[in-house]
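In order, the protein sequences belong to chains A and B.
Just so you know, the first sequence maps onto residues 1 to 423 in my numbering.
Just so you know, the second sequence maps onto residues 1001 to 1554 in my numbering.
No residue lacks a Cβ here, since even glycine has one placed at the ideal position from N, Cα and C.
Have a look at the structure below, then the notes.
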Amino acid sequence: MSEITEVPSPFCGIGTDDLTIKVDGLKISVVENGCTVNTPAFEHEITDTKARINSKEVSLKEAILHAASLLKNTNYPVIAGCSTDVNGMRGLLALADRIGAVVDNANFNNARKNILALQDSGWMNTTLAEIKNRCDLLLIVGADLEGFAPRFFEKYLWNEAMFLENTSDRDIIYLGTKPSGNASTSPSGKAAQVFECSNENLPEVVAVLRALLKGQQIQAESVEGISITDLTTIAEKLKAAKYGVVTWAAGALNYPHAELTVQTISEMVKDVNQTTRCSGFPLGGKEGDQTANQVCGWTTGYAARVSFTKGYPEYDPFLFETNELLNNGEVDALIWVNAFNAKANPPQTNLPTIVVARSGMTFEKEPDVFIPVGTPGIDHTGHAYRLDNVVAIRLKKLRDSGLPNTSEVLNAIEQVLREESVC
Amino acid sequence: MLIKLTGGTVYDPASGVDGKQQDIYVQDGKIINKPTSEFLVDKEYDLKGKVVMSGAIDMHTHIGGGKGNIARTLLPEDHRNDPVASTHICRSGCGHAAPSTFITGYRYAEMGYTAGFEPAVLPINARQAHMEMGDIPILDKGGYVMLGSDDYLLRLLTAKKDQKAINDYVAWTMNAAKAIGVKVVNPGGINAFKFNQRKLDLDEQNSHYGVTPREILRVLATAVKEIGVSHPLHVHGCNLGVPGNMETTLDTIQGIGGLPMHLTHIQFHSYGTEGDFKFSSGAAKIAEAINKNKNITIDVGQILFGQTVTASGDNMRQHANHKFASPAKWVTMDIECDAGCGVVPFKYKDQNFVNALQWAIGLETFLLVEDPWRIFLTTDHPNGAPFTSYPHLIRLLMDRTFRNDVLSTIHPEAQKMTTLASIEREYTLQEIAIMTRAGAAKLIGLQNRGGLSAGNWADITIYTDNVDRQKMFEKPDYVFKDGELVVVDGKVVHTKWGTTHVVKPDYDKSIEKDLKTYFDKYLTMKVDNFKMSDDEITEDGRGSLTVHELKAVA
Ligand SMILES: [Zn+2]
């Protein structure tokens, strides 16, 4: 039995790295600084250790050869999920390049809302340590921040900061969804201001807020239940703050063309920067989403929804969506990669299916090949990106499970196909 | 395996060889003397009439790190114009302004380059820089770690800590970020921008810390010298792109008091305020100062016309320039009490007066600085132009007729504001070899690279001599990397992985106590999780580290 301290987590997205974890054989317990996201993710037990072909346990080598044989004559396979560490993504992209596959990150429909706004007009964003030390006003648009990251307030807002005398004085404002708990109430008892509306109405509300910031006249007295007076107060606070931060969670903006809301927020942040400092801060990037986009970004030039079918990477944030490809009968094989979350099942399909995923998955329909792999940050070292997309955390190996890494498995499949293509 | 390169005309400034016919022997990846006992050549290349140089080294090119990946994600339309398909040897990707990592490696190699150095490694983003460079094939690589706007350093200065404390922190950071040099970008300016300061002159105080850029430059340049790092402090100065900034640059040179200092992309810092448009060339004065001050080295940061993207740590200046973004989209970031970045796409136009004069200013600088050992050929890729434009730039430097032909096509007012037409100098092959090989290796402190004498690693480029220097440098006949033939006729025929060059200066271990307290209190990562370990570069079986010796410190 051993105890490991300062363990970084790839699960919560905020790069928590102060966990203390007890390891007893293969059993893991989070003994300090756990949360409702990290603790179950770390403690998830290993149940499968053997690869399977059509439900039958086989050696790793047999599974790899069978996977390669399934892929050998495909014309348009899709590699979906894409939830793993940096080396896993490297292996995944090498395989995709070899077989001419589509690469599509499971969370891309959410990431797309941010990426479309970025690619159309850009943004001014910040990272966690700047928020911790500078943020005197946090405007949370349409997100339940503590539901997203249970320890966000405790770790980044309600403790010492370099440039704020009393961090309890920070202004916290919710616009849209109201918070699910009281984490946003400061230690001295200062509560967040909440201006509630349904998230579907945020496009109108955010547009009016931006207009007010720019000094436009608004004739209405309220918008979607929020008074113009209240929105004017928010605008004034953004202008008065020394370092305001506006945060949103693309995943919570569940309505068509939410990218326009992200764009309005981002352009509003730019407007505020004409006189004072203000930054955007998109929430997202759990379980390897940012990692997928980053590695795909430097390997292909594009975020993680890319097709290699023409021999070179093509990017289309809409056409290459896995479910669409499956529903339209466009693809002829599915490879599902998810080393983090055993509950993230592959989409249902009758196509040849290869699953390279965390041990302990239960399938409604057993895939042709299942290869359980180690989880980065538990079974092997690795790198994962934090939600702010700048900091890559160094993941630790906590136990010796004998499970292969995602990269070893995908590289081995690629190797088999490479050798066959040379012969 | 013994390789013999027979009868080529060798330009090897590192050993003083200037266009002499010489045979070169290569064994186990290195250049060796002609064996004295009997020997058998496994492979011979007849290089009669060919030009032989060592592999070129780009000492300042943005090839790894977060801002580059922001630039990539920002510009799908640029990649679509230059898709690159995979082959049985090479991976696919994209090229042009923000090329993918694999294509970066192939295209550099196809121009005869065998090493590139990322000049802006943010300590907190060092992992990303090294991971991206870890996916660049063929090339050797390395990085200069960025300091000067990090709150920890500014706190040391405000607390009046002594130079030794600064030295320890700089050395510690170089180890943590796996760096071979230290860079400062808009000294203290990135930090000042977080306090809403919009400009910071050399003697202007940071509104929170009271520290000036001049002080930051002096303590960092001293630290780099005192801990024995070969590469002098790499400086992206104050007031980038601001008309009149030549005065700041001259003042920066004077103010460093003889300490070794490298001024990067000096073209962007050589502007006067004369003429109808209040924008003029300061190149003559800057070149005069460089010729006089032997402690100063520079790279040019030449601009060339066309679409590119500017990616810089200097978010203060990038924010100020965002209105020039083309296409009209841009990103800035404040980063982790460490630094920042700004990404602004840019299209340099020959019929735009300012762009045209920038082009001329860069060339004037190249031609007026006398000592080729103290000036380096860069476009500050991709900020002035993509690195693939180097052969064109070399032709501009080596061919006066060609240069003046191009000059006669740019904005007429810019033509009137430059002395370029009257400058007769044409660079020689030996001078090109100094700027892009021997000089660069010497500046960075690379041992056994950048030369062709025995003991050097066999990074060798062979060209067919051609009066059209662009054609010549675009398409080498052969490129060897560590003795392996990687390029034939300008195309990659074989790939391998280069090494990562670092230094590991000593520091007083006791400083980690204060750093731990600082990290625990203010940062979002444990200090031990912040430091990169060697195996992060080597564990995938492709990367390796080459640790270079430090200079003896007096
Ligand atoms: Zn640069």
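- Message: Could you check if Pro1119(B) belongs to the surroundings of ligand 1, using beta carbon to heavy atom distance under 6 Å?
- Response: The residue you call residue 1119(B) lines up with position 119 of the second sequence. Correct: Pro1119(B) has its Cβ closer than 6 Å to ligand 1.
- DSSP beta-bridge partners for Trp1172(B)? By 1-based counting over the second sequence, the position of residue 1172(B) is 172. For Trp1172(B), which the question treats as bridged, DSSP gives no partner whatsoever.
- Reducing DSSP to helix, strand and coil, say where Arg1374(B) ends up. Here residue 1374(B) refers to the residue found at position 374 when the second sequence is read from its first residue. If DSSP states are grouped into helix, strand and coil, Arg1374(B) belongs with the helices.
- Task: Tell me whether Tyr1011(B) is buried or exposed, calling it buried when 16 or more other Cβ atoms sit within 10 Å of its Cβ.
- Result: As a working note, residue 1011(B) is residue 11 in the second sequence. Buried: at least 16 other Cβ atoms inside 10 Å.
- Cβ shell of Leu139(A) (< 6 Å), same chain only, five flanking positions each side left out: Position 139 of the first sequence, counted from the first residue, corresponds to residue 139(A). The answer, listed in chain order, is Ile173 and Val246.
- Query: For Phe318(A) versus Ser307(A), is the C-beta spacing smaller than 7 Å?
  - Reply: Walking along the first sequence from the start, residue 318(A) turns up at place 318. Walking along the first sequence from the start, residue 307(A) turns up at place 307. No, the Cβ-Cβ distance between Phe318(A) and Ser307(A) is not below 7 Å.
- Is it buried or exposed for Gly1198(B), if we count other Cβ within 10 angstroms and need 16 for buried? For the purposes of this step, residue 1198(B) is identified with residue 198 of the second sequence, where counting begins at 1. Checking the displayed sequence, the identity of residue 1198(B) turns out to be Arg instead of Gly. The residue in question, Arg1198(B), is exposed, as its Cβ has fewer than 16 Cβ neighbours within 10 Å.
- Task: Output yes or no for whether 7 Å exceeds the beta carbon distance between Tyr243(A) and Cys82(A).
- Result: Within the first sequence, numbered from 1, the residue matching residue 243(A) stands at position 243. Within the first sequence, numbered from 1, the residue matching residue 82(A) stands at position 82. No, the Cβ-Cβ distance between Tyr243(A) and Cys82(A) is not below 7 Å.
- Considering Met1472(B), what are the terminal residues of the alpha helix (DSSP H) in which it resides? As a first step, residue 1472(B) must be located in the second sequence, where it is residue number 472. Counting along the chain, the alpha helix (DSSP H) containing Met1472(B) begins and ends at Arg1469 to Glu1474.
- Message: From the DSSP secondary-structure annotation, give me the bridge partner or partners of Met1053(B).
- Response: As a position in the second sequence, residue 1053(B) is number 53, starting the count at 1. Answer by DSSP bridge pairing, in chain order: Thr1461(B).
- Query: Is the beta carbon of Pro313(A) less than 7 Å from the beta carbon of Thr322(A)?
  - Reply: Translated into the one-based positions of the first sequence, residue 313(A) becomes position 313. Translated into the one-based positions of the first sequence, residue 322(A) becomes position 322. No.
- Closer than 7 Å by beta-carbon distance: list the chain B residues that pair up with Glu6(A), in chain order. Within the first sequence, residue 6(A) is the residue found at index 6, counting from 1. Those within 7 Å of Glu6(A) in chain B are Lys1526, Asp1528 and Asn1529.
- Message: At a cut-off of 6 Å, would you count Asp1380(B) as near ligand 1, judging by its Cβ distance to the nearest heavy atom?
- Response: Your numbering for residue 1380(B) matches position 380 in the second sequence. Under cutoff, so the answer is yes.
- Message: Please state the DSSP three-state secondary structure of Cys278(A).
- Response: If you number the first sequence from 1, residue 278(A) lands on position 278. Reduced to three states, the DSSP call for Cys278(A) is strand.
- Query: Short check: CB of Arg1449(B) to CB of Trp1497(B), under 7 Å?
  - Reply: Indexing the second sequence from 1 puts residue 1449(B) at position 449. Indexing the second sequence from 1 puts residue 1497(B) at position 497. It is not a contact, given that the beta carbons lie outside the stated cut-off.
- Query: Cβ atoms of Tyr1113(B) and Asp1058(B): under 7 Å apart, would you say?
  - Reply: One-based indexing of the second sequence puts residue 1058(B) at position 58. One-based indexing of the second sequence puts residue 1113(B) at position 113. Yes. Within cutoff.
- Item | Endpoints, beta strand (DSSP E) assigned at Phe370(A) | Stepping through the first sequence from its first residue, residue 370(A) is reached at position 370. Looking at the DSSP string, the run of the beta strand (DSSP E) that includes Phe370(A) is Val369 to Val373.
- Of all the options Ala1454(B), Phe1305(B) and Trp1172(B), which has the alpha carbon lying nearest to the alpha carbon of Ala1356(B)? Against the second sequence, residue 1356(B) aligns to sequence position 356. Of Ala1454(B), Phe1305(B) and Trp1172(B), the residue nearest in Cα terms is Phe1305(B).
- Item | Whole-angstrom distance between Leu1367(B) and Arg1400(B), CA atom to CA atom | The count along the second sequence starts at 1 and reaches residue 1400(B) at position 400. The count along the second sequence starts at 1 and reaches residue 1367(B) at position 367. Arg1400(B) and Leu1367(B): Cα-Cα distance of roughly 11 Å.
- Query: Using the rule of at least 16 other Cβ atoms within 10 Å of the residue's Cβ for burial, across every protein chain shown, is Ile1089(B) buried or exposed?
  - Reply: Locating residue 1089(B) in the second sequence gives position 89, where the first residue counts as 1. Exposed, because fewer than 16 other Cβ atoms sit within 10 Å of the Cβ of Ile1089(B).
- Expressed to the nearest angstrom, what Euclidean distance is found between the alpha-carbon atoms of Gly297(A) and Val223(A)? Numbered from 1 along the first sequence, position 297 holds the residue referred to as residue 297(A). Numbered from 1 along the first sequence, position 223 holds the residue referred to as residue 223(A). About 39 Å.
- Item | Segment contact flag, the stretch 354-361 of chain A with the stretch 42-51 of chain A, C-beta cutoff 8 Å, min 3 pairs | yes
- Query: What three-state label does DSSP hand Leu1002(B) in the structure shown?
  - Reply: For this step, residue 1002(B) is matched to residue 2 along the second sequence. If DSSP states are grouped into helix, strand and coil, Leu1002(B) belongs with the strands.
- Task: Check whether the Cβ atoms of Leu1259(B) and Ala1221(B) sit closer than 7 Å, and answer yes or no.
- Result: Position 259 of the second sequence holds residue 1259(B). Position 221 of the second sequence holds residue 1221(B). It is a contact, given that the beta carbons lie within the stated cut-off.
- Closer than 7 Å, CB to CB, is Ser174(A) near chain B or not? Counting from one through the first sequence, the residue named residue 174(A) turns up at place 174. For clarity, residue 174(A) is Tyr in the given sequence; the question names Ser instead. No - not a single Cβ of chain B is within 7 Å of the one on Tyr174(A).
- Message: Below 6 Å, is the gap between the Cβ of Ser1312(B) and the nearest heavy atom of ligand 2?
- Response: Looking at this structure, you won't find ligand 2 anywhere; what it does contain is ligand 1.
- At what residue ranges does the stretch 1073-1107 of chain B contain a whole run of the alpha helix (DSSP H), taking only runs of 4 or more? 1076-1080
- Buried or exposed (CB count within 10 angstroms, at least 16 for buried), Lys1358(B): Taking the second sequence and counting its residues from 1, the one referred to as residue 1358(B) is at position 358. Reading off the sequence, residue 1358(B) comes out as Gln, not Lys. Answer is buried; the Cβ neighbour count reaches 16.
- Query: Asn107(A) bridges to which residues according to DSSP?
  - Reply: Along the first sequence, one-based indexing puts residue 107(A) at 107. DSSP, once it has assigned bridges, lists no residue as partnering Asn107(A).
- Query: Grouping DSSP H, G and I as helix and E and B as strand, with all else coil, what is Ile173(A)?
  - Reply: Your numbering for residue 173(A) matches position 173 in the first sequence. Note: Ile173(A) maps to strand in three-state DSSP.
- Query: Using the beta-carbon of each residue, which ones in chain A are nearer than 8 Å to Leu1074(B)?
  - Reply: Position 74 of the second sequence, counted from the first residue, corresponds to residue 1074(B). Going along chain A in sequence order, the residues near Leu1074(B) (Cβ under 8 Å) are Leu118, Gln119 and Gly122.
- Message: Using 8 Å for Cβ pairs, my map puts Val337(A) next to Thr84(A). What's the rounded Cβ distance?
- Response: In the first sequence, counting from the first residue as 1, residue 337(A) sits at position 337. In the first sequence, counting from the first residue as 1, residue 84(A) sits at position 84. Right, the Cβ-Cβ distance comes to about 6 Å (below 8 Å), so this counts as a contact.
- Message: List, in chain order, every chain B residue whose beta-carbon is nearer than 7 Å to that of Ser279(A).
- Response: For the purposes of this step, residue 279(A) is taken as the residue at position 279 of the first sequence. By Cβ distance, chain B contributes Asp1334.
- Phe1039(B) versus His1265(B) - alpha carbon distance: Along the second sequence, one-based indexing puts residue 1039(B) at 39. Along the second sequence, one-based indexing puts residue 1265(B) at 265. The straight-line gap from Cα to Cα measures roughly 48 Å.
- Which bits of chain A does Phe1102(B) rub up against, with CB to CB less than 8 Å? One-based indexing of the second sequence puts residue 1102(B) at position 102. Going along chain A in sequence order, the residues near Phe1102(B) (Cβ under 8 Å) are Thr299.
- Message: Classify Val1553(B): buried if its beta carbon has 16 or more other beta carbons within 10 angstroms, exposed otherwise.
- Response: Counting from 1 along the second sequence, the entry for residue 1553(B) is found at position 553. With fewer than 16 Cβ atoms within 10 Å of its Cβ, Val1553(B) is classed as exposed.
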